[in-house]
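Residue numbers (our numbering): 503 to 686. Let me begin by presenting the structure, written as structure tokens, before commenting on it.
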């Protein structure tokens, strides 16, 4: 797996110093949950029950492998319900980019369950508000599927979120001849 970083300067002038770097590598062999605060950048309804949530970490960058999920919770709730959410790509086509998305953001499709413990609150969050997200959870390894010429997937509803990253990667790496979407 290769990762490239490109940095651009905000001010076109020489750097007087390089600042400081804080780096923390989490132990991926344990499923120890560590939470960081994420700011809501956009919260757009996609339908009457599904929202696209775009979030950005405050002073933190997390790279989530395809197929992994995070646990979400809110800071100021008496009960601390936890729910798992899988990030989705910001778009499957460049013309459909998520609103206010930048490369340091994560996107989630959240289904609102009217009597749910967490989803009504998360889908009601406004720009500038925040929630807590854990480090990456799960053991899915996308590279295991690179050797297969054909992948069959089946999902319904927001269960599709787990597959969107896999689909995007497959579209780039394979000749896709038939793609049958399913919708309610």
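Glycine included, each C-beta is placed from N, C-alpha and C at the ideal position.
For residue 583, there is no enclosing beta strand (DSSP E), as DSSP marks it with neither H nor E.
Linking residue 670 to residue 653 through their CA atoms gives a straight-line distance of about 12 Å. Each of 543, 610 and 651 was checked against the Cα of residue 628, and the nearest Cα belongs to 543.
For residue 624, the enclosing alpha helix (DSSP H) stretches over residues 621-625.
Looking at 556, 572 and 593, the one whose alpha-carbon comes closest to that of residue 638 is 572.
Separation of residue 514 and residue 651 (C-alpha to C-alpha, rounded to the nearest whole angstrom) is 47 Å. In this structure, residue 635 lies away from residue 672, with their beta-carbon atoms at least 7 Å apart. The alpha carbon of residue 506 has as its nearest neighbour, out of 605, 663 and 643, the alpha carbon of 605.
Looking at the DSSP output, residue 613 sits in a beta bridge with 552.
The beta carbon of residue 607 sits closer than 8 Å to the beta carbons of 543, 556, 557, 558, 592 and 600 from its chain, once the five residues preceding and following it are set aside; these are given in chain order.
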